[in-house]
Every structure is written in structure tokens, then in C-alpha cells.
Amino acid sequence: MNFEEKKKITLTLIRTFNKASQLALNLRKAGLKKEIKSDNTPVSNGDIEVNKILTSKIQQITPNITIISEESTNHKKDNNLHNFWLIDPIDGTRDYINNRDEFTLNAALIIDRKPAIGIIAAPAKKRIFYSYGLSSSYELIDGTEVSLINEKKKYEGIKAVSYSNELKPEILEIYKRYKIISHQKMKSSLKFCVIAAGEFDMYVAEPRACEWDIAAGHAILEHAGGKITDFNGNEILYGKPEFKNPSLILKNKNIL
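Numbering of the sequence shown is given in UniProt numbering, commencing with residue 1 and proceeding in unit increments.
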């Protein structure tokens with residue numbers, strides 16, 4: 001798949017993401033129907049309906065590429081996947097259900113086990129980010145495409161986002177190594193976007209969550225000049241057993 005094909009797919013899906021984002025907000029306003037899944041995490045009718053919209057459109061425009069979604073059992077036991085979609089229709093479902101605003105809609109195209117396209121919408125914040133190649137990572141602001149590739153900035157200190165306010169010792173050790181001066185809790189994939197945009201600088205996490213939680217953000221951050229590795233500096237590849245994540249260190253272009 002060449003650059004222009006990836007660009008066309010991405011721009012087509014942005015319209016679908018806008019439609020799905022509005023539906024997510026409308027369903028929440030009307031009152032969500034909630035259940036607890038077998039892994040003890042919540043799911044709502046909003047997750048399911050958004051999943052239908054995203055998977056339907058993606059299947060229409062790339063019918064020969066496998067789709068893996070958090071809210072579907074299809075293909076989750078497939079082995080040796082190299083080219084496939086990863087979808088998390090709503091990341092941060094608890095925030096979504098509890099009327100908070102950091103939840104996101106996510107889709108990533110994986111090519112040769114690496115993220116080639118990433119799209120993330122944060123409907124309640126009216127933000128949408130997307131990328132389809134190196135140096136082609138953007139936020140759409142009031143209908144205008146704004147590149148996330150900016151001049152490097154000088155910082156008085158490095159700011160991080162964190163999954164929890166209670167940091168584990170191995171994470172605190174990494175914070176000390178990079179001289180991080182402050183951190184702010186942020187649960188959804190929005191953390192990748194604010195790091196790509198230079199609003200924060202780092203994110204560090206022990207092995208947790210699944211590939212559909214990070215793939216779209218990985219594409220957006222890496223295509224904006226940032227870097228994502230595990231704690232040992234290894235590249236993050238996709239299609240691992242059970243789609244489980246390793247440890248993560250996210251850094252934006254300003255501190256590489």
C-alpha cells in the first residue's frame with residue numbers, strides 16, 4: 001500500500017469518525033445501557049454502536065484486510081497476522097459512562113506488524129488526530145489540518161502523563177532518570193495525542209492493556225517524530241499472542 005492510498009483511506013475514515021463521535025455523544029446524552037464483560041471491564045451500547053460504524057466502513061474500503069476489534073471475538077485467536085486493522089471503538093469506557101471527557105475512538109492499520117495509519121477522536125473535547133506516514137501526522141482544528149511536526153521547543157522541565165496517580169517503583173526510577181518534574185493522570189489514548197502535539201513529553205507504563213489501546217496513538221506519535229519502545233529500548237510490533245502490550249516508554253520529538 002503506497003502513501004497516497006494510505007492518505008485516501010485516512011481522510012475517508014475521518015468523516016466516519018465524525019459520524020461515530022456524534023453518535024457516541026448522542027447515546028450518552030440519551031442514557032447508556034451498561035454491562036460488565038467477562039474480564040470485569042464495562043461496556044455500553046455506545047461502544048457497540050460505534051464499533052458497528054467503524055468496522056462497517058473499514059470493511060467496505062479495505063475488504064481484504066482483517067479487522068481486530070476490542071468489542072468483537074472475530075480473529076482474536078488468529079496467529080501470524082502481519083497486515084490488519086486494530087480498533088478500539090471507545091477507549092476509556094469508564095470515563096465515557098461517567099460523563100467525563102477523555103474517552104476516545106481509535107483505529108489503526110498495521111502493515112508488516114507496524115502502525116501505518118492512526119486515527120483518534122476525542123468527541124467530548126472536540127479533537128481529532130490522524131496520521132498516514134512519517135511527517136504526516138495532524139490534528140484537525142476547526143476544519144483546518146494542523147501538522148504536528150513543529151520546531152523543537154525548549155523546556156524548563158519534562159512533563160509526563162500517567163495512567164495512575166500512584167506510580168510503581170520501576171516507573172518512578174525512569175521518571176528520575178529523565179528528570180520529570182510533574183505528571184498528570186490521563187487514562188485514554190488521548191495521552192499519545194497530547195505528547196505528539198507537544199503538550200506533554202512522556203508516558204511510561206508497565207505491561208498492561210492490549211494492542212488496540214495503543215496502535216493508533218503509536219502511529220500518530222511516531223509519525224510526528226516521537227518514539228515508542230519498551231523499557232529495554234525494543235521496537236513495539238503488533239500481532240503478538242493475545243494482542244498483549246509490553247512495557248512502554250513514549251517520548252515526543254523534543255526529548256529524543
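By construction, the Cβ of each residue, glycine as well, lies at the ideal position given by its N, Cα and C atoms. If you're wondering where the values come from, they're calculated on a predicted model, not measured in any experiment.
Reduced DSSP secondary structure (H/G/I, E/B, other) of residue i
{"i": "Gly225", "result": "coil"}
{"i": "Ser247", "result": "coil"}
{"i": "Gly118", "result": "strand"}
{"i": "Arg127", "result": "strand"}
{"i": "Pro207", "result": "coil"}
{"i": "Lys143", "result": "According to the sequence displayed, residue 143 carries Gly and not Lys. It is coil, neither helix nor strand."}
{"i": "Ser56", "result": "helix"}
Proximal residues to residue i (C-beta, below 7 angstroms), its chain only, five neighbours per side dropped
{"i": "Phe231", "result": "Ser247 and Ile249"}
{"i": "Asn45", "result": "Leu27, Leu32 and Lys33"}
{"i": "Gln59", "result": "Ile67"}
Residues bridged to residue i (per DSSP)
{"i": "His183", "result": "Ala160"}
{"i": "Ile174", "result": "For Ile174, which the question treats as bridged, DSSP gives no partner whatsoever."}
{"i": "Ala219", "result": "In the DSSP output, where bridge partners are listed per residue, Ala219 has none listed."}
{"i": "Trp85", "result": "Ile67 and Leu109"}
{"i": "Asp91", "result": "Thr104"}
{"i": "Lys77", "result": "DSSP output for Lys77 lists no bridge partner at all."}
{"i": "Tyr138", "result": "Tyr130 and Ser147"}
{"i": "Glu235", "result": "Thr229"}
Endpoints, alpha helix (DSSP H) assigned at residue i
{"i": "Thr10", "result": "Phe3 to Ala30"}
{"i": "Lys191", "result": "Leu190 to Ala196"}
CA-to-CA distance, residue j to residue i, given in whole angstroms
{"i": "Arg113", "j": "Trp85", "result": "10 angstroms"}
{"i": "Ala215", "j": "Ala108", "result": "6 angstroms"}
{"i": "Gly226", "j": "Ala196", "result": "7 angstroms"}
{"i": "Leu140", "j": "Ile117", "result": "15 angstroms"}
{"i": "Thr55", "j": "Thr104", "result": "16 angstroms"}
{"i": "Ser182", "j": "Lys6", "result": "37 angstroms"}
{"i": "Lys185", "j": "Glu206", "result": "15 angstroms"}
{"i": "Ala24", "j": "Lys191", "result": "20 angstroms"}
Contacts around residue i, its chain only, beta-carbon distance under 6 angstroms, and the 5 residues preceding and following it disregarded
{"i": "Glu145", "result": "Tyr138"}
{"i": "Asp201", "result": "Ile158, Lys159, Asn252 and Ile255"}
{"i": "Asn51", "result": "Ser69, Glu71 and Pro89"}
{"i": "His75", "result": "Thr66 and Ile68"}
{"i": "Asn106", "result": "Asp88, Asp91, Ile120, Ser189 and Ala216"}
{"i": "His82", "result": "Asp112 and Arg113"}
{"i": "Ile53", "result": "Ala20"}
Residues near residue i by beta carbon distance below 8 angstroms, same chain, minus five either side
{"i": "Pro115", "result": "Ala108, Leu109, Ala215, Ala216, His218, Ala219, Glu222 and Tyr238"}
{"i": "Lys179", "result": "Gly157 and Ile158"}
Boundaries of the beta strand (DSSP E) in which residue i is found, first to last residue
{"i": "Glu35", "result": "Lys34 to Ile36"}
{"i": "Pro42", "result": "Pro42 to Ser44"}
Residue i Cβ short of 7 angstroms to the ligand ZN heavy atom set
{"i": "Glu145", "result": "With respect to the ligand ZN, the structure offers nothing, as it holds no ligand at all."}
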